[in-house]
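Beneath this line is the structure, given in structure tokens, with notes to follow.
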Amino acid sequence: MWTSRAALVITPENRQALERLVRSGKTEQRIALRARIVLGAADGQSNNALAKALKTSRPTVLDWRQRFAEGGVPALHDDRPRGRSFTPLTRAKEAEILALTQRAPTHATQWSCRSMAQHCGVSKASVQRVWHANGFKPHLIKTFKLSNDPDFIEKLEDVVGLYLNPPEHALVLCLDEKSQIQAVDRTQPGLPMKHGRAGTMTHDYKRHGTTTLFAAMDVLKGQVIGRCMPRQRHQEFLKFLKTIDRSTPKHLDLHCIADNYATHKKQEVKDWLAKHRRFHFHFIPTSASWLNLVERWFGKITTTRIRRGVFTSVSELERAIYEYIEHNHVHPTPFVWKKSANDLILKINRGRAALNMPPLVRRDKI
Numbered sequence: 007m008w009t010s011r012a013a014l015v016i017t018p019e020n021r022q023a024l025e026r027l028v029r030s031g032k033t034e035q036r037i038a039l040r041a042r043i044v045l046g047a048a049d050g051q052s053n054n055a056l057a058k059a060l061k062t063s064r065p066t067v068l069d070w071r072q073r074f075a076e077g078g079v080p081a082l083h084d085d086r087p088r089g090r091s092f093t094p095l096t097r098a099k100e101a102e103i104l105a106l107t108q109r110a111p112t113h114a115t116q117w118s119c120r121s122m123a124q125h126c127g128v129s130k131a132s133v134q135r136v137w138h139a140n141g142f143k144p145h146l147i148k149t150f151k152l153s154n155d156p157d158f159i160e161k162l163e164d165v166v167g168l169y170l171n172p173p174e175h176a177l178v179l180c181l182d183e184k185s186q187i188q189a190v191d192r193t194q195p196g197l198p199m200k201h202g203r204a205g206t207m208t209h210d211y212k213r214h215g216t217t218t219l220f221a222a223m224d225v226l227k228g229q230v231i232g233r234c235m236p237r238q239r240h241q242e243f244l245k246f247l248k249t250i251d252r253s254t255p256k257h258l259d260l261h262c263i264a265d266n267y268a269t270h271k272k273q274e275v276k277d278w279l280a281k282h283r284r285f286h287f288h289f290i291p292t293s294a295s296w297l298n299l300v301e302r303w304f305g306k307i308t309t310t311r312i313r314r315g316v317f318t319s320v321s322e323l324e325r326a327i328y329e330y331i332e333h334n335h336v337h338p339t340p341f342v343w344k345k346s347a348n349d350l351i352l353k354i355n356r357g358r359a360a361l362n363m364p365p366l367v368r369r370d371k372i
């Protein structure tokens, strides 16, 4: 290894070639770094000072000084051959790891890298490589729910038809409630975010009450009609329907997509709808909240305005919600539905087949 602190001796021709490498915009950065090391060494800089100035290590400086002294400028373009730094597992061992990964161990609900490595007699890094190459992530799990609604196909086609081909002279509204929104205050003030550190807030909090947000989203425009109320009964739902009636043009029919919550089907609600013929309700299948686009908007207001908010009272929380709705009204972002009903039915039937469940069929074909 080159250890001399004396200046590296280079010819004028080599200096010109090195300077061209540094100046050229087409030179790879790794090559330019090596050229700067040699030029700095030729100017008499110490190895430590050169490493600090170029933000590299002292062994790197020593290595390229020596390689230049032995091979000149062409040596800067040559990388040493690289090979695997580990011994690959046999196919049988990989197959064993993959087979075990798909079965839960007796001592836990899933394998970890270390427990699998210990069980199979390999390194943790080997297990990680096998899992990464085959897309296995035992630490993750996804939830699902398949609807058992006997009228699933009919309801699905009805709602998706409204999204993809809305009726003329009408508004399509997605209705739902976000209940039990807590006015949460932190026990101590947090610190703001700064360079190198995330913002902070205390893990404990004070509750100052709850509110329920009734919301109706215009599918075409993305604008939302919202109203906060203390409870989630049919009385509050009727008040919200009257708010929608006052807030929308009287000459337009209203096609409302809603879930099967009991308050939506109360007799008092049915009686009110019978007197207001421009309201047409379309109920999504049970266990299919993903079909109601307002749920996506609820997720958006939760992550961007509510979850990290600090509210000392319910009125302050409700004021923040109304301000967000007003901002959304000025800058609406509609959610565009793209999947057809047939595509969804095929996908759901694939899931039902994987669970040995009968496929979805129309009731008239049963």
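Just so we're aligned: the sequence shown equals residues 7 to 372 in my numbering. Every residue gets a Cβ at the ideal spot worked out from N, C-alpha and C, and that includes glycine.
Here DSSP, grouped into helix, strand and coil, assigns Thr310 to helix.
Using a Cβ-Cβ distance cut-off of 8 Å, the segment 180-195 and the segment 147-156 are not in contact, since fewer than three pairs of beta carbons, one from each stretch, lie closer than that value. Three or more beta-carbon pairs separated by less than 8 Å are not found between the segment 251-261 and the segment 207-215, which leaves the two stretches without contact.
Its Cα nearest to that of Phe289, the residue Thr269 stands out among Thr269, Lys281, Glu322, Gly305. Per DSSP, the beta bridge partners of Met223 are Cys180, Val230. Between the segment 258-278 and the segment 306-323 there are fewer than three C-beta pairs closer than 8 Å, too few to call the two in contact. Under the three-state reduction of DSSP output, Gly205 falls in the coil class, being neither helix nor strand. Runs of the beta strand (DSSP E) lying entirely within the segment 245-322, each at least 3 residues long, are 259-264, 285-289 in chain order. Under the DSSP assignment, Glu163 falls in the alpha helix (DSSP H) whose first and last residues are 158-170. Counting only residues of its own chain and dropping the five nearest sequence neighbours on each side, Glu100 has a CB closer than 6 Å to the CB of Val136. With the rule of 3 Cβ pairs closer than 8 Å, the segment 169-177 does not count as touching the segment 300-310. Short of 8 Å from the beta carbon of Arg239, and not among the five residues preceding or following it, lie these beta carbons of its own chain, in chain order: Thr269. Look at the beta carbons and you see the segment 111-118 not touching the segment 57-66: under three pairs across the two are nearer than 8 Å. Annotated three-state conformation of Asp191 is strand, per DSSP. Counting C-beta pairs closer than 8 Å gives three or more between the segment 60-74 and the segment 40-48, which meets the contact rule. When Phe74, Pro338, Phe246 are compared, the shortest CA-CA separation from Arg233 is found for Phe246.
The C-beta separation of Leu82 from Ala41 comes to about 6 Å, placing the pair in contact by the 8 Å criterion. Taking the Cβ atoms as the reference, Ile159 lies roughly 5 Å from Arg368, within the contact range of under 8 Å. Non-local C-beta neighbours of Tyr330 in its own chain, meaning closer than 7 Å and more than five positions away in sequence, comprise Ile307, Arg311, ordered along the chain. When DSSP reads this structure, Lys200 sits in a beta bridge with Arg203. Contact check between the segment 117-131 and the segment 322-341: fewer than three CB pairs, one atom from each, fall below 8 Å, which does not count as touching. Residue burial annotation: Ser132 is buried, with at least 16 other C-beta atoms found within 10 angstroms of its C-beta. In the structure shown, the three-state DSSP call for Arg64 is helix.
Just measuring C-alpha positions, the residue of Gly141, Lys200, Leu95, Lys143 sitting nearest Gly127 is Leu95. Here His113 carries a coil assignment [DSSP, helix/strand/coil]. Of all alpha-carbon atoms in Leu258, Ser295, Leu39, the one lying nearest the alpha-carbon of His282 is that of Leu258.
With contacts defined by Cβ atoms closer than 8 Å, Leu181 and Ala222 form a contacting pair. Close CB contacts of Thr292 within its chain, under the 6 Å cut and outside five residues either way in sequence, are with Ser153, Asp155, Asn266 (chain order).
Residues of the same chain with their beta carbon placed closer than 6 Å to that of Gln108 are lacking, with the five preceding and five following residues left out of the count. The beta carbons of Leu39 and Val79 sit no closer together than 8 Å.
Per DSSP, reduced to three states, the secondary structure at Ser185 is strand.
Taking a C-beta distance under 8 Å as the contact criterion, Ile351 and Leu361 do not qualify as a contact pair.
Considering only His145, Met207, Phe341, the residue with the shortest C-alpha distance to Asp191 is Met207.
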